[in-house]
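See structure below.
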Amino acid sequence: MVDPRTIGEILVDGGICSAEAVESALKTQDERGGLSGEILVQQGSLTRLQLIAALGQQFGLAVQEKIDDTTLDASLVANITMGYAREAEVLPIRKVDGILEVAVANPLALDALDDLRVMFGGMRIQPLLVTVDVLHAAINTAFDRRARADQVVDDMEKGDDGVADIAMELEDAAKDILDEDDEAPIIRLVNSVLNQAAKERVSDVHIEPMEKYVLVRFRRDGVLKEVVRTSKKFQASITSRVKIMGGLNIAEKRLPQDGRIRIKVAGRDIDLRLSTIPTAHGERIVMRLLDKGSTTLDLKTLGMRDDVVTAIQELVHKPNGILLCTGPTGSGKTTTLYSALMSINKPDINILTIEDPVEYQLEGIGQMQVNPKIGFTFASGLRATLRQDPDVVLVGEIRDLETAEIAVQAALTGHLVLSTVHTNDAASTFTRLVDMGVEPFLLSSSIAGILAQRLCRVLCRDCKVPHTPTKLEIEQLGMTPDDPRLKTATFFSAKGCPQCSMSGYAGRMGLHELLIPNEDVKRLVVSKNDAGAIKRAAVANGMLTLLHDGAYKCMLGKTTVEEVMRIANADVEE
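See the structure below:
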């Protein structure tokens, strides 16, 4: 039943706020406009939930403090868009005994309720009054569920077979993909995959054509997992849609292609590096997600020990020399070097980079992207950069002798050079550069430090369980059972819970091996000794290997022995 009293009278009579506060709100309303209830909330005279309760009493509506996600029926939003739900501030929640329950934040949203009544065939509507925050959270949950790739695939499999020819006429969209209202199933499927990938914070999306189906897999925390399979008939449309988004040639199916996609997901700007290659069953697509907002360029957050952070900061504050970061693809080398650059990025230092591609835009730093098609390589870019009066130069990767020689000469002539090399550990970087053709005596005098790194998964804090390591596990970590550090160590093992998608892990951190050449190491390099001899000399000088760092982090309870052995088991003492 509707209460004839004003909202102010209801609040005062109920003892929720004072008559003076209501009078002040009404005065503000006369001066600036707006709703008196909202003004009272802004003034701190009552909470938003108290306001909603009073509005429910005034309009005779049921008030709900929260919406239970388990009762939310995502299928009810199939015919409305997220933009409409947000703007109209309505959301169909569930059907109960022929009644459609609808969450509303505005009790006067009569037009929107009428629209839903027509949309659902004249079904009786039961409005439930909720706060705006609760409504928006429920809208996000409903559309996230609706947008899951497996749900979209189910809808497509039940739909018209002719949908496979749709993607050829699609255009790229510049708006948030969660707000896309295009009904084309292929667009919905691709958007749902990208939305789900961004939500789960995966690093790579794989779309792989098989003989009888198309497989979508996500790489999360370094491990691939299958997400969904879809019919082979959608393959050409999915490929065309992704290639259009990346600005690639959809008619060329015989050659590998590279592109870039910029999207917005739930307000987050995400760049995707796109790669396609031809395979026996069609074009295989891999997209690497680069989420600018989620990357913190700070050495202390990368999982480094304090002594490594201090040493890196000392190295990047040197006036000259080469700092190399080594490791396999996807081990976070670029992020580490970016973080090192940001620690010295000041107006009085000229920092230039040559990259392939430029992954993150860094304010105050001049960044260039190589283009081998027109002869702009790392070597030519580095040569040109040295004429730009730089203090610090970052070279994306040393791949050949020409680039290596220019980097060495730059370091010897008063520049600090940061770069990456693909080697298994820090010591083998010397032998790799010598194999390229760089003179050993130049390396010994120019390289200031080499950081080898890997990324290992971090145990989920919600479900990790205490673990007593076996003798074999202790030996695998390069330790002995009577090691005194084991007395104060706390080991854990992975269990799995809904928070970590039952993997037992959530996020990744680095394992690091920092080699700073001393006189013994330099002598071995000049005399062209093998990597094993160089490594033994570095360890004797106090270097902790990747395996040692992994053991240290196992003893702190941050990761597991199995995880360390997965990525650092080649690091066995020779």
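The sequence shown: position 311 = 302 (this note's numbering), numbered continuously. Don't be surprised by glycine CBs; every beta carbon is placed ideally from N, CA and C.
- Sequence-distant Cβ neighbours of Val386 in its own chain, meaning closer than 7 Å and more than five residues away, are Ile345, Phe369, Leu373, Thr394, Ala398, Val408 and Ser410.
- In the DSSP annotation of this structure, the continuous segment of the beta strand (DSSP E) that includes Phe209 starts and ends at Tyr204 to Arg211.
- Following the DSSP letters along the chain, one finds Cys545 inside the alpha helix (DSSP H) bounded by residues Leu537 to Met546.
- Three or more beta-carbon pairs drawn from the region 451 to 458 and the region 492 to 500 are found closer than 8 Å, and the two stretches are therefore classed as touching.
- The DSSP-derived three-state label of Glu78 is helix.
- A buried status is given to Ile177, since no fewer than 16 other beta-carbon atoms sit within 10 Å of its beta-carbon.
- Here DSSP, grouped into helix, strand and coil, assigns Arg264 to strand.
- Of the candidates Val214, Ala188, Arg192 and Gln226, the residue whose Cα lies closest to the Cα of Val205 is Gln226.
- Around the beta carbon of Glu554, 16 or more other beta carbons sit within 10 angstroms, so the residue counts as buried.
- When DSSP reads this structure, Asp195 sits in a beta bridge with Arg210 and Arg279.
- Segment contact: the region 417 to 428 against the region 457 to 471, fewer than three CB-CB distances shorter than 8 Å; contact not assigned.
- If you compare the alpha carbons of Ile71, Ile116 and Leu104 with that of Asp88, the shortest gap goes to Ile116.
- For Arg253, the three-state secondary structure derived from DSSP is strand.
- In this structure Thr550 is not in contact with Ser484, their Cβ atoms being roughly 10 Å apart against a cut-off of 8 Å.
- Distances from the CA of Asp135 to each of Thr292, Ile335 and Asp60 were compared; the closest alpha carbon is that of Asp60.
- Around the beta carbon of Asp262, 16 or more other beta carbons lie within 10 angstroms, which makes this residue buried.
- Two segments are said to touch when three or more pairs of C-beta atoms, one from each, lie closer than 8 Å; by this definition the region 329 to 342 touches the region 285 to 304.
- Sequence-distant Cβ neighbours of Pro118 in its own chain, meaning closer than 7 Å and more than five residues away, are Leu52, Val93, Val95 and Leu104.
- The straight-line gap separating the alpha-carbon atoms of Val121 and Val109 is approximately 23 Å.
- In the DSSP assignment, Cys316 is bridged to Thr411 and Leu442.
- C-alpha of Asp391 to C-alpha of Val412: approximately 10 Å in a straight line.
- For Gly47, the number of other beta carbons within 10 angstroms of its own is at least 16, and it is reported as buried.
- Of the other Cβ atoms in all chains shown, fewer than 16 fall within 10 Å of the Cβ of Val123; this residue is therefore exposed.
- Looking only at Met201, Arg39 and Asn70, the smallest Cα-Cα distance to Pro269 is reached by Met201.
- Pro176 carries a helical assignment under DSSP once its states are collapsed to helix, strand and coil.
- Around the C-beta of Leu31, 16 or more other C-beta atoms lie within 10 Å, and the residue is accordingly described as buried.
- Inter-segment contact for the region 307 to 322 and the region 355 to 363 is absent: fewer than three beta-carbon pairs are separated by less than 8 Å.
- Counting along the chain, Tyr351 sits inside no alpha helix (DSSP H), nor does DSSP assign it H or E at all.
- For Ala44, the CB contacts under 7 Å within the same chain, skipping 5 residues up- and downstream, are Val54 in chain order.
- According to the DSSP assignment, Gln400 belongs to the alpha helix (DSSP H) that extends over Leu392 to Leu403.
- When rounded, the separation of the alpha-carbon atoms in Ser36 and Thr19 is 14 Å.
- DSSP, read as helix, strand or coil, puts Ala480 in coil.
- The Cβ atoms of Cys447 and Arg499 lie closer than 8 Å to each other.
- Within a 10 Å sphere around the beta-carbon of Val384 sit 16 or more other beta-carbons, which makes this residue buried.
- Only exposed fits Ile90, as fewer than 16 other CB atoms lie within 10 angstroms of its CB.
- For Glu504, the uninterrupted beta strand (DSSP E) segment begins and ends at Tyr496 to Leu506.
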